[in-house]
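Right, one structure below, let's go through it.
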Amino acid sequence: MSTLARTSQRQPLLKPSEAFARLQSAQSQSSSVKPKQAWRESFAVTLTQGLSLLIPESYPKELIEAPSICTVPYGPQWLSGFLNARGQVIPVIELDALFGNAAAPASHTSVPYVLLLGQGSDAFAVAISQLPKKVRLSDDHRLQQPPPLPSRLEGCVGRIYQKEGLWCEWDLTQFMRSLI
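Per my numbering, the sequence shown starts with residue 2, numbered consecutively.
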């Protein structure tokens with residue numbers, strides 16, 4: 002009889018949803034003791050030099066496929082030309098040519114994609130050959146002693162990370178000022 006008395010004093014069985022809620026609560030309490038890792042999510046444009054530029058997720062951007070670019074005779078090699086985006090004339094920049102990569106594409110008219118960045122008079126576009134990708138980086142990936150960067154990129158980069166390549170936080174406002 003003593004076994005029956007003990008059984009009746011036990012807590013009743015929980016419904017599956019209640020048991021799951023308690024389990025999640027216990028896991029969140031145990032994980033709150035561990036230090037949390039600060040992850041940054043950004044979109045990245047990869048250059049042919051093995052360097053990728055991180056674009057803040059909150060920065061206005063738009064991908065345009067197979068754009069019609071109007072070339073400019075005798076313009077700098079890094080200026081692919083201009084495109085019309087909803088009635089606004091936008092300069093299209095060839096980043097590899099701007100940063101001094103000898104393997105930069107020669108034909109400005111056959112650009113597969115253009116990434117339109119910014120809004121209004123501050124808007125510009127970059128010619129890209131592959132779609133941007135979203136990356137997650139943490140402070141553990143941050144380089145304390147960054148490697149040398151192309152001269153045109155210096156002053157336009159914040160933190161630099163290394164995780165299967167170099168990832169540079171791109172200061173787009175400073176970048177546009179450096180071109181003017």
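Every residue gets a Cβ at the ideal spot worked out from N, C-alpha and C, and that includes glycine.
Report the residue from the options whose alpha carbon sits nearest the alpha carbon of residue i.
| i | options | result |
| --- | --- | --- |
| Leu-173 | Val-115, Val-112, Ala-86 and Pro-61 | Pro-61 |
| Ser-69 | Val-90, Ser-59 and Pro-151 | Val-90 |
| Gly-101 | Ser-152, Phe-176, Ile-161 and Thr-47 | Ser-152 |
| Ser-179 | Arg-87, Ala-67 and Cys-157 | Cys-157 |
| Phe-176 | Ile-161, Leu-118 and Lys-135 | Leu-118 |
| Thr-72 | Val-112, Ile-56 and His-142 | Val-112 |
| Glu-165 | Gly-159, Pro-147, His-142 and Gly-76 | His-142 |
| Gly-121 | Val-136, Ser-139, Leu-138 and Gly-88 | Gly-88 |
| Ala-86 | Pro-147, Ala-124, Leu-138 and Ser-139 | Ala-124 |
| Gln-146 | Glu-155, Ile-161 and Arg-137 | Ile-161 |
| Gln-163 | Val-136, Glu-155 and Gln-78 | Val-136 |
| Leu-138 | Cys-169, Pro-77 and Ala-67 | Cys-169 |
Taking 8 Å as the cut-off, decide whether the C-beta atoms of residue i and residue j are in contact.
| i | j | result |
| --- | --- | --- |
| Leu-52 | Leu-144 | no |
| Ile-65 | Val-115 | yes |
| Phe-83 | Pro-74 | no |
| Glu-58 | Phe-44 | yes |
| Pro-133 | Val-46 | yes |
| Lys-80 | Trp-171 | According to the sequence as given, residue 80 is Leu; it is not Lys. Against a cut-off of 8 Å, the Cβ pair of Trp-171 and Leu-80 comes out as no contact. |
Q. Should the segment 125–139 be regarded as contacting the segment 91–101, the criterion being three or more beta carbon pairs within less than 8 Å?
A. yes
Report the residue ranges of all beta strand (DSSP E) runs contained in full by the segment 69–121; include only those spanning at least 3 residues, in chain order.
80–86, 89–94 and 114–118
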